[in-house]
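Number 116 marks the last residue of the sequence shown (my numbering); no jumps. For every residue, glycine included, the Cβ atom is placed at its ideal position computed from N, Cα and C.
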Amino acid sequence: MVAVRSFARSAPASPKKLRLILDEIRGKRVDEAMSILRFMTSPHSELIAKSVRSAAANAENNFDMDPRRLLIIEAFAGDADKVRRLLPRARGRGDIMRRRSANITIVVEEEEN
Numbered sequence: 004m005v006a007v008r009s010f011a012r013s014a015p016a017s018p019k020k021l022r023l024i025l026d027e028i029r030g031k032r033v034d035e036a037m038s039i040l041r042f043m044t045s046p047h048s049e050l051i052a053k054s055v056r057s058a059a060a061n062a063e064n065n066f067d068m069d070p071r072r073l074l075i076i077e078a079f080a081g082d083a084d085k086v087r088r089l090l091p092r093a094r095g096r097g098d099i100m101r102r103r104s105a106n107i108t109i110v111v112e113e114e115e116n
């Protein structure tokens, strides 16, 4: 079978928080994963839902796969760029504020009969 990938680069969310959501949808069918993501309260679930929709569209349009039989075989988030800023503190000190971003990867494959 052909594995179809979808990437979301530099998503404005921490990879640690995204992994909690991705663990819930890994190994499930695309339609089931979309219904799980629709009812999640995290604002980051929409970023992942967009990437899942993109992977399903890639599979349907580029490889003529049936979208009802697509299975998410891999879903992971890795570190992307970090923005570092100086945060002024008391007594002339400063802390480093790190704003993290992530690269989201979704891999789908058509189910076997």
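Could you tell me the alpha carbon to alpha carbon distance between residue i and residue j, rounded to whole angstroms?
i: S13; j: A83; result: 6 Å
i: M43; j: D98; result: 33 Å
i: A60; j: P70; result: 8 Å
i: I76; j: I39; result: 16 Å
i: S17; j: L25; result: 13 Å
Which same chain residues, not among the five before or five after residue i, have their C-beta less than 6 Å away from its C-beta?
i: I107; result: A11, A14, S54, A80
i: A6; result: V110, E112
i: V86; result: R102
Look up residue i in the DSSP assignment and give the residues it is bridged to.
i: S54; result: None; S54 has no bridge partner.
i: T108; result: F10, F79
i: L73; result: E113
i: K85; result: R103
Three-state secondary structure (DSSP) at residue i?
i: M37; result: helix
i: K31; result: coil
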